[in-house]
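Residues in the sequence shown are numbered consecutively from 4, following the numbering used here. Here a beta-carbon is modelled for each residue, glycine too, at the ideal position from N, C-alpha and C.
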Amino acid sequence: MFPDIRPINGLIVVACALLLAIALYMEHVMGLIPCPLCMTQRVFVLLVGVFALLALVHHPRGWGRRVYAGFGLLAALIGGGFSSRQLWLQSLPPERVPACGPDLYYMFDVFPFMETLKVMLTGDGNCAEVSWTFLGISIPGWTLVAFAGLAALNIWQLVRR
């Protein structure tokens, strides 16, 4: 009646790979420079995919399946939090937007790691810029939708018997 656990994990892996491929296409083909929060969201998409891949390869039963699904759910929820933060920054009036900083690659080369990590986790003025929309929804909006779908699939993996 319901699909087995493995195909759902495979679906999560494929979805995460597709999301990362789209992000790389937007960066390298469309020329959209990712902001620090965009890069952070990519890390969490990758984490969700890695947990699903580990579950796909390991194929545990019982509590092992729930552990992988729990970590995948946690990564999706945290990633969704970063998407929400970026959407909030994009909704601010121009006078309340934080100052823009240098791009992330420069920051990794020049600034201490902890300072760069702080910017990755909180964002800056670059994160408030809306550079692309589809159906009136910006990139972090679509990423939030993706995180919601990934979270739902992981919840399903977590609670099913």
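Option in Arg68, Leu76 and Gly65 with minimal Cα separation from Leu49: Out of Arg68, Leu76 and Gly65, Leu76 has the C-alpha closest to the C-alpha of Leu49.
Leu90 versus Met110: straight-line alpha-carbon distance, rounded: 23 Å
Ser86 in three-state terms, based on DSSP: It is helical.
Beta-carbon proximity check, Tyr71 vs Phe47, cutoff 8 Å: no
Distance between Gln160 and Cys41 (C-alpha atoms, nearest Å): For Cys41 and Gln160, the distance between alpha carbons rounds to 27 Å.
Contact under 8 Å by Cβ, Arg68 with Ile8: yes
Inter-stretch contact (C-beta, 8 Å, three-pair minimum) for the segment 78-94 and the segment 136-154: yes
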